[in-house]
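Last residue of the sequence shown: 978 (this note's numbering), numbering continuous.
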Amino acid sequence: MEKEKRQLSFRIAALTAADLDRSARLRGMSRNALADRYLAEGLRRDEFPDIDFRDGALGRRAALSGTRLDVWQVLQTVQNHDHSIEEAAEYLGLPPHRVHAAVRYAAAHPDELRDIAEREAEAAARGEEIWRAGQDLLRA
839 MEKEKRQLSF RIAALTAADL DRSARLRGMS RNALADRYLA EGLRRDEFPD
889 IDFRDGALGR RAALSGTRLD VWQVLQTVQN HDHSIEEAAE YLGLPPHRVH
939 AAVRYAAAHP DELRDIAERE AEAAARGEEI WRAGQDLLRA
């Protein structure tokens, strides 16, 4: 789903513009798309300082900074522990305030978290399908 776009005009330092152009080229993105991503993520980092963003097989996603945990994984762990932040924090080996930070981000961006969780479920199902097919080949 394409989000509505709005035209803005900025003046940025020449070196910053050159860095943006180079980074966009290396990522195979347009300068505008990368600038939009940086602005969106920067604004989210200001509001949620415990959240970082990373690329992976499932695309770009929010993660709990300083960990290997995506926000959706932390949220799922909380849900699997009867919605107890304290129990989930103990299970994950994190202080409760860190788990709470992921839950706050998830609450503010539910569509984003729902999308990544659905993609993860699809990828897991596909991985299991391939594994089972491989097992069938080995038994044949």
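Glycine is no exception: its CB is placed at the ideal position from the N, C-alpha and C atoms.
Kindly indicate which three-state DSSP category residue i falls into: helix, strand or coil?
| i | result |
| --- | --- |
| L858 | helix |
| R869 | helix |
| L976 | helix |
| M839 | Annotation note: pLDDT 44 at M839 (below 50); position unreliable, coordinate value reported separately. It is coil, neither helix nor strand. |
| D920 | coil |
| L877 | helix |
| P934 | helix |
| R882 | helix |
Flag this pair as yes or no: are the beta carbons of residue i and residue j separated by less than 7 angstroms?
| i | j | result |
| --- | --- | --- |
| R784 | L896 | Any property of residue 784 remains undetermined from this structure, which presents the chain solely from 839 to 978. |
Measuring alpha carbon to alpha carbon, tell me which of the options ends up nearest residue i.
| i | options | result |
| --- | --- | --- |
| R942 | P887, T905, R863 and R970 | P887 |
| W910 | R964, L951 and D874 | L951 |
| D893 | D920, W969 and R865 | R865 |
| F848 | N870, R863 and R860 | N870 |
| R882 | A946, H921, E842 and R970 | A946 |
| A855 | A873, L930 and M867 | A873 |
| L846 | L853, P934, L877 and D859 | L877 |
| R889 | A971, D953, A944 and Q973 | Strictly speaking, residue 889 in this sequence is Ile, with Arg absent from that position. If we check each option's Cα against that of I889, A944 comes out closest. |
| A900 | L853, R863 and A939 | A939 |
According to DSSP, which residues form a beta bridge with residue i?
| i | result |
| --- | --- |
| A900 | F891 |
| D908 | A901 |
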